[in-house]
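All remarks here apply to the structure that follows.
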Amino acid sequence: MTEEQEHHRHTPGNAVTAHRRANAAAAFPKAISIERMLYLLPVLLVFFSLFFGRYMLDPVSTLGILIVGSANAVLEAISGTLPLLTGQPCDLPMLEQTWESVESTVIFQIRLPRVLGALLVGGGLSVAGASFQGLFKNPLVSPDILGVSSGAGFGAALAILLSGNPLMIQLSAFCFGIIAVVATYSISRVYKTTSTLVLVLSGIVVGALFSAFLSLLKYLADPYDTLPAIVFWLMGSLSAVSNDDIIAVAPPILIAGFCLYAIRWRINLLSVGEEEARALGVDTERMTGVIIVAATVITASAVCISGIIGWVGLVVPHVGRMFVGPDFRRLIPTSALLGASFLLVVDDISRTLTATEIPLGVLTALIGAPFFAYLLTKKKVGWT
Numbered sequence: 000m001t002e003e004q005e006h007h008r009h010t011p012g013n014a015v016t017a018h019r020r021a022n023a024a025a026a027f028p029k030a031i032s033i034e035r036m037l038y039l040l041p042v043l044l045v046f047f048s049l050f051f052g053r054y055m056l057d058p059v060s061t062l063g064i065l066i067v068g069s070a071n072a073v074l075e076a077i078s079g080t081l082p083l084l085t086g087q088p089c090d091l092p093m094l095e096q097t098w099e100s101v102e103s104t105v106i107f108q109i110r111l112p113r114v115l116g117a118l119l120v121g122g123g124l125s126v127a128g129a130s131f132q133g134l135f136k137n138p139l140v141s142p143d144i145l146g147v148s149s150g151a152g153f154g155a156a157l158a159i160l161l162s163g164n165p166l167m168i169q170l171s172a173f174c175f176g177i178i179a180v181v182a183t184y185s186i187s188r189v190y191k192t193t194s195t196l197v198l199v200l201s202g203i204v205v206g207a208l209f210s211a212f213l214s215l216l217k218y219l220a221d222p223y224d225t226l227p228a229i230v231f232w233l234m235g236s237l238s239a240v241s242n243d244d245i246i247a248v249a250p251p252i253l254i255a256g257f258c259l260y261a262i263r264w265r266i267n268l269l270s271v272g273e274e275e276a277r278a279l280g281v282d283t284e285r286m287t288g289v290i291i292v293a294a295t296v297i298t299a300s301a302v303c304i305s306g307i308i309g310w311v312g313l314v315v316p317h318v319g320r321m322f323v324g325p326d327f328r329r330l331i332p333t334s335a336l337l338g339a340s341f342l343l344v345v346d347d348i349s350r351t352l353t354a355t356e357i358p359l360g361v362l363t364a365l366i367g368a369p370f371f372a373y374l375l376t377k378k379k380v381g382w383t
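Numbering-wise (numbering that gives the first Met the number 0), the sequence shown opens with residue 0 and increments by one.
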């Protein structure tokens with residue numbers, strides 16, 4: 000080795016570069032381990048949520064009820080299906096149940112639908128929020144940026160005012176949430192463009208309009224009966240979620256979420272800029288439409304069973320960036336896991352902290368707003 004090469008080898012700049020590379024290599028396994036831990040977090044929280052509550056259950060008994068009860072449900076379904084296929088009667092033996100019926104009711108009829116609802120709503124809103132933040136290139140965007148929550152709130156209030164039927168409330172909330180976003184997109188198309196700025200401005204207009212309609216319905220509602228029901232629904236809750244609700248909203252949330260997961264690398268390109276994305280061969284208008292439709296379906300489906308729950312789709316993607324960085328190929332699944340876990344914890348607090356259940360929207364605001372303020376003070380609200 001020559002004297003010049005030896006001098007170059009020991010320069011401070013090379014030492015700093017080598018040190019940075021060593022830190023990056025050490026951080027990579029750490030990031031991988033964090034992501035793997037995030038996949039286990041919802042599973043642990045689900046099991047904890049099933050036996051934790053005002054009616055406490057033994058963890059071992061809870062696991063046994065889940066396994067045996069699920070197996071019996073499968074056997075019962077097979078016993079009812081096989082005669083239709085073979086024409087022969089089929090009566091499969093059921094596994095013995097050693098617990099009281101009230102325990103089975105608490106787990107399968109009350110807590111399990113609520114837990115699954117929290118997973119779907121929290122994960123769905125987080126994925127929708129992360130996707131919108133990438134589309135609009137703005138870390139301050141939430142899933143209701145295009146007016147879907149205002150439209151859903153108006154639809155639910157209208158159904159409460161006219162009928163009060165739970166099914167009608169959910170259908171009306173979902174339909175008016177979709178109508179609000181269609182109106183937003185239609186207004187933006189007046190300019191023959193899919194400019195994100197025009198979309199945001201259109202969403203503000205439509206959201207304000209539906210908020211005014213909602214205020215009018217509150218004014219007309221019976222202050223002793225209908226108005227409290229409207230206000231409680233708007234504050235968000237999973238107390239009335241049933242197995243039928245989960246069966247109804249799980250397919251649209253999961254399908255739309257998978258669509259966003261499938262195009263997550265294109266969201267990376269859109270977050271850089273429309274011109275750069277077009278230069279790389281991305282049909283920006285088509286991708287914008289796909290993201291808007293998928294995120295809107297997720298948000299409308301979530302809102303129709305839970306009411307309006309804020310801050311989840313805004314704050315959780317930032318937490319995901321702190322763990323895995325701004326790459327949407329990793330941020331989308333991470334946001335789903337963190338959002339599902341976060342809302343599940345908040346729901347556990349909601350139903351156990353006080354004698355009366357605290358609305359989820361209140362708790363998410365009490366937790367999300369201070370945390371977001373902390374991120375602002377640390378200058379961590381951004382893409383890096």
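We treat Cβ as the ideally placed atom computed from N, Cα and C, and that holds for glycine.
On a predicted model such as this, the values are computed, not experimentally measured, just so you know.
Check                                                                                                                                                                                               : Outcome
Check for me: the alpha helix (DSSP H) holding Q132 runs from which residue to which?                                                                                                               : 111–134
Out of M286, N242, P92, T363, point me to the one whose CA is closest to L384's CA.                                                                                                                 : Only positions 0 to 383 of the chain appear in the structure, and residue 384 is not among them; the question remains open.
Measuring only the C-alpha atoms, how far is L44 from L219?                                                                                                                                         : 42 Å
Whether or not the segment 252–270 and the segment 282–290 are in contact is what I'm after, with contact meaning three or more pairs of Cβ atoms, one per stretch, closer than 8 Å; do they touch? : yes
Helix, strand or coil for P250, going by three-state DSSP, please let me know.                                                                                                                      : helix
Could you please give the first and the last residue of the uninterrupted alpha helix (DSSP H) stretch that includes P165?                                                                          : 165–187
Below 6 Å CB to CB, which residues in the same chain sit around V296 once its five sequence neighbours on both sides are set aside?                                                                 : P251, A255
Helix, strand or coil, according to DSSP, for W98 in the structure here?                                                                                                                            : coil
Do G312 and G116 have their C-beta atoms closer together than 7 Å?                                                                                                                                  : no
Would you mind giving the Cβ-Cβ distance between T183 and L134, rounded to the nearest angstrom? I have them listed as a contact below 8 Å.                                                         : That belief does not hold up - the Cβ atoms of T183 and L134 are roughly 13 Å apart, past 8 Å.
State the DSSP-derived secondary structure class of D224, mapped to helix, strand or coil.                                                                                                          : coil
Figure out for me which residue from A211, G309, M321, L170 has the closest Cα to the Cα of L365.                                                                                                   : G309
Comparing C-alpha positions only, which one of T298, S349, D326, P325 sits nearest to D143?                                                                                                         : T298
Using a threshold of 7 Å, state whether the C-beta atoms of F322 and I109 are closer than that.                                                                                                     : no
When we look at the beta-carbon of I246 and count the other beta-carbons within 10 Å, is it buried (16 or more) or exposed?                                                                         : exposed
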